[in-house]
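**Q** Residue numbers (the UniProt record's numbering), protein chains in the order written: chain A, 1 to 456; chain B, 1 to 456.
All C-beta atoms, glycine included, are put in the ideal place defined by N, C-alpha and C.
None of these values were measured; they are calculated from a predicted model.
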């Protein structure tokens with residue numbers, strides 16, 4: 001055997017040995033928060049066209065029934081197709097969580113895979129929590145390892161998400177370090193997802209989370225069956241970093257294993273838009289409250305941003321779909337300025353049709369800020385400069401945007417958000433969502449994880 | 001709409017308009033040769049452990065029956081899983097075709113996808129031939145577009161293969177240029193496959209062809225259903241070339257459309273090993289015949305090679321599996337020197353156990369040759385220098401290795417190879433293979449493409 005002390009293997013050894021007793025109680029509780037926030041997001045993806053197409057694909061290619069639950073249609077299928085559809089629906093309303101340092105959306109890829117596999121294997125809530133934590137800890141570190149150069153072209157949640165899902169399901173299956181390593185090998189050699197779709201407002205973002213969850217599950221399943229993959233898939237000379245990064249940092253793969261809990265560093269979304277818009281939206285909201293400004297009094301807004309915001313949001317000039325509008329800095333700030341919030345309802349009702357939003361959108365520009373760029377991705381600082389119609393120049397800055405770990409959502413806020421997400425497309429009634437909430441807060445004691453929503 | 005004259009779109013417009021009447025008759029006939037060579041290769045993948053694991057995965061996750069045929073077990077499933085398993089089995093004995101300029105193995109990804117989709121849709125043999133030609137023409141040009149820098153880290157058959165399969169199935173479905181473009185968008189954002197597995201002799205090569213075929217089919221299926229993808233997935237600023245190539249050449253995408261038939265440039269494998277070993281193997285064989293040398297008279301062999309051979313074969317020093325031995329230059333030359341051929345039988349019986357092979361293997365080295373490297377990948381020149389035990393230094397060179405279009409296999413040679421591949425793991429009897437051969441030579445007049453092998 002080759003040297004077993006390479007960083008990927010050290011990560012696998014940590015994951016294989018991890019027990020729920022090793023994880024601090026607040027991290028376990030935070031994982032429940034993340035799970036609830038994910039399930040509500042996945043339910044809210046109901047009826048989105050891209051998700052519908054994947055449901056049709058699953059009906060054509062998959063089995064007619066199975067052990068795993070599809071949240072948006074309450075049917076059952078095999079774990080592969082449940083992970084595929086739940087993965088797609090998790091990300092479509094852009095309300096799912098994000099980890100700053102890795103720029104990974106862990107929930108959308110980890111939970112769909114874990115839940116589908118757990119339902120087929122009869123696993124407990126505690127096993128689901130532990131596997132999910134393993135997926136978050138692995139995925140976040142792998143995202144940090146791949147670096148900023150990767151994220152410029154690749155949608156990290158698609159690429160790295162495949163490995164996060166694989167690590168989670170491999171842990172759920174109880175694989176040892178060797179097995180988890182094999183699963184990561186198969187996952188890494190399938191890792192894909194390019195940002196090019198942003199220019200066309202295409203459906204690829206849903207395909208990325210769908211395939212990351214499903215292919216991650218597949219990689220773990222195959223590893224358990226004895227199918228092998230490259231051991232040094234991350235750091236090897238023809239591995240992921242060699243092909244898709246110019247600033248990979250192997251030390252990130254093992255950073256603080258067992259002491260740093262990356263899971264608890266994950267942020268919740270308060271606005272229903274791309275996370276890159278949130279710091280500026282918070283700063284604009286704070287400025288308008290402080291100065292008692294109305295939208296009509298604003299002539300121009302300059303947002304001072306990191307390069308990643310320009311890379312992802314820059315291609316979106318004139319959004320033609322609600323989903324694309326979530327990647328338009330101007331639209332998000334317009335909704336905050338005109339309607340005081342950029343939530344799901346504001347996007348549905350105002351993002352595209354409202355002339356005031358279009359007018360305000362064109363007043364917003366992005367400008368690269370060296371300090372903010374240097375702090376990113378560890379810190380997502382929001383700063384705006386506003387020029388008013390009466391000639392004043394005003395500034396505001398928010399160091400910790402709403403939803404970040406140091407400014408997180410409380411459980412009442414998370415519950416309210418979950419109920420709103422359930423109601424969005426009538427994916428779950430308030431009573432159903434309250435039942436889900438109660439189950440999630442007791443997830444560590446749940447004997448099984450089946451039947452979240454009754455068949456209709 | 002954005003400008004519709006970008007290279008990817010021009011390629012899609014050509015593919016959408018292509019009819020079998022546009023294709024010269026010798027190219028159609030050559031496509032039948034390629035189809036036969038593929039089907040025999042796919043049948044020979046029977047019982048390979050990696051293929052078995054994917055059959056088990058399909059049994060767990062897919063439907064119990066369906067319209068599409070799995071060649072290695074003669075069962076039926078949905079097109080997605082048939083493409084997956086037939087894609088895996090096509091490539092495992094390393095006897096499937098290769099296109100020099102793109103370093104793509106088109107058969108292993110195009111035919112599994114087209115056959116599975118055609119069986120579900122009741123298509124004719126002529127439609128299968130046309131769709132396959134579309135897949136070859138697209139895939140080869142996309143492989144050439146991605147360039148040599150891509151191939152250094154990425155297994156082009158995994159990455160570009162996904163788009164080749166998508167183009168083929170999109171054509172089979174009768175999509176227009178817009179639809180084919182959407183299919184390529186979804187395929188390109190799923191394109192993956194890293195060479196890192198070579199170091200571990202891992203199963204990823206089968207996963208790459210399996211997923212390329214299945215995901216390509218999925219991309220076309222989704223495009224037909226209205227699922228969108230990035231239009232400039234190849235040449236766009238956050239597309240495949242931006243992320244995975246440093247020498248991409250957009251002109252390659254439209255090179256000679258309608259006049260140059262890349263399909264007919266594809267080479268057949270004469271040896272059962274990685275194509276990068278073939279030119280040197282041919283040269284050594286020619287030298288030993290010319291000088292009437294026996295293996296025992298050879299003290300050292302220097303192979304003068306292109307960089308791609310070093311990238312792919314270099315990591316394999318001490319092969320531990322038969323599949324890995326196919327990527328060992330020393331093993332292949334040893335089989336040629338000791339047993340006069342490096343076919344399936346020689347690999348099975350001698351590649352690992354035979355002390356003479358191991359001894360000869362260690363006499364073989366690779367050396368980068370500037371002239372050969374400059375000619376590659378358009379020309380795969382073989383050159384060896386041999387030092388004999390009696391102190392002579394001898395050289396030989398082969399400009400066109402056996403199996404290349406200018407030194408191709410005849411139909412009798414292809415038939416004999418197919419029968420041998422069928423017999424290899426008892427995948428098909430000689431009578432069954434002769435029936436397949438007769439059907440393939442008449443494929444352009446076949447009313448359907450079902451039931452190649454009777455259920456057992």
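Relative to the C-alpha of residue 310/A, which candidate in 437/A, 293/A and 328/A has its C-alpha closest?
**A** 328/A
**Q** The region 261-280 of chain B: which residues have C-beta closer than 8 Å to a C-beta of chain A, in chain order?
**A** Flagged: no residues at all.
**Q** Whose Cβ in chain A lies nearer than 7 Å to the Cβ of residue 228/B?
**A** 200, 202 and 203
**Q** Distance cutoff 8 Å, beta carbons only. Does residue 125/A sit that close to anything in chain B?
**A** no
**Q** Are the beta-carbon atoms of residue 271/B and residue 278/B separated by less than 8 Å?
**A** Yes, the pair counts as a contact, with Cβ atoms nearer than the cut-off.
**Q** When you compare each of 33/A, 180/A and 24/A to residue 410/A by their alpha carbons, which one comes out closest?
**A** 33/A
**Q** Going by DSSP, name the residue or residues bridged to residue 111/A.
**A** Residue 111/A is not bridged to any residue.
**Q** Please state if the CB of residue 424/B and the CB of residue 44/B are separated by a distance shorter than 8 Å.
**A** yes
**Q** Answer with buried or exposed for residue 426/A, where buried requires no fewer than 16 other C-beta atoms within 10 angstroms of its C-beta.
**A** exposed
**Q** Strictly by DSSP, which residues pair up with residue 267/B?
**A** 98/B
**Q** Is the beta carbon of residue 239/A less than 8 Å from the beta carbon of residue 204/B?
**A** no
**Q** With a floor of 4 residues, list each alpha helix (DSSP H) that falls wholly inside the region 248-325 of chain B, ordered by position along the chain.
**A** 278-291, 307-313 and 322-325
**Q** Taking the C-alpha atoms as reference points, what is the distance between residue 2/A and residue 362/B?
**A** Caution is warranted here: a pLDDT of 47 is assigned to residue 2/A, below 50, making its placement in the model unreliable, and the coordinate value is therefore given only provisionally. Going by the C-alpha atoms only, they are around 21 Å apart.
**Q** Could you check where the alpha helix (DSSP H) with residue 422/A kicks off and where it finishes?
**A** 411-424
**Q** Quick one: list the residues of chain A neighbouring residue 240/B, beta-carbon separation under 7 Å, in chain order.
**A** 194
**Q** Would you say residue 18/B reaches chain A, if we count a Cβ-Cβ gap shorter than 8 Å as a contact?
**A** no
**Q** Measuring CA to CA, which of 162/A, 336/A, 334/A and 289/A is closest to residue 106/A?
**A** 162/A
**Q** Could you tell me the alpha carbon to alpha carbon distance between residue 433/A and residue 96/A, rounded to whole angstroms?
**A** Roughly 16 Å separates the two Cα atoms.
**Q** Using the C-alpha atoms, what's the distance from residue 80/A back to residue 168/A?
**A** 14 Å
**Q** By the three-class DSSP mapping on this structure, what secondary structure does residue 11/A have?
**A** helix
**Q** When we look at the beta-carbon of residue 282/B and count the other beta-carbons within 10 Å, is it buried (16 or more) or exposed?
**A** buried
**Q** Suppose contacts are defined by Cβ-Cβ distances below 8 Å. Is residue 398/B in contact with residue 406/B by that definition?
**A** no
**Q** Residue 186/A touches chain B at which residues, Cβ-Cβ below 7 Å?
**A** 204 and 207
**Q** Does the CB of residue 78/A have a neighbour CB from chain B at under 8 Å?
**A** yes
**Q** By DSSP's criteria, residue 368/A is part of a beta bridge. Which residues make up the other side?
**A** 305/A
**Q** Just to confirm before moving on: does the CB-CB distance between residue 74/A and residue 453/A stay below 8 Å?
**A** The beta carbons of residue 74/A and residue 453/A sit closer together than 8 Å.
**Q** So, is the C-beta of residue 153/A closer than 8 Å to a C-beta in chain B?
**A** At least one chain B Cβ lies under 8 Å of residue 153/A.
**Q** Chain A partners of residue 174/B, CB-CB under 9 Å?
**A** Going along chain A, no residue has its Cβ under 9 Å from residue 174/B, so there is no contact; the nearest lies around 17 Å.
**Q** Any idea if residue 24/A is buried or exposed, counting beta-carbon neighbours within 10 angstroms, 16 or more meaning buried?
**A** exposed
**Q** Exposed or buried, which one is residue 315/B when buried takes at least 16 other CB atoms within 10 Å?
**A** buried
**Q** By DSSP, does residue 347/A sit in helix, in strand, or in coil?
**A** helix
**Q** What residue does the beta strand (DSSP E) around residue 394/A start on, and which one ends it?
**A** 393-398
**Q** Counting only C-beta atoms, is residue 490/B closer than 8 Å to chain A at any point?
**A** Residue numbering for chain B in the displayed model covers 1 to 456; residue 490/B lies beyond these limits and cannot be assessed.
**Q** Name the chain B residues that come within less than 9 Å of residue 327/A, Cβ to Cβ?
**A** Within 9 Å Cβ-Cβ: nothing; residue 327/A doesn't reach chain B, min ~13 Å.
**Q** Quick one: is residue 74/B near chain A, going by C-beta distance under 8 Å?
**A** Not closer than 8 Å to any Cβ of chain A, the Cβ of residue 74/B fails to qualify, so no.
**Q** Can you tell me which residues form a DSSP beta bridge with residue 386/B?
**A** 301/B and 394/B
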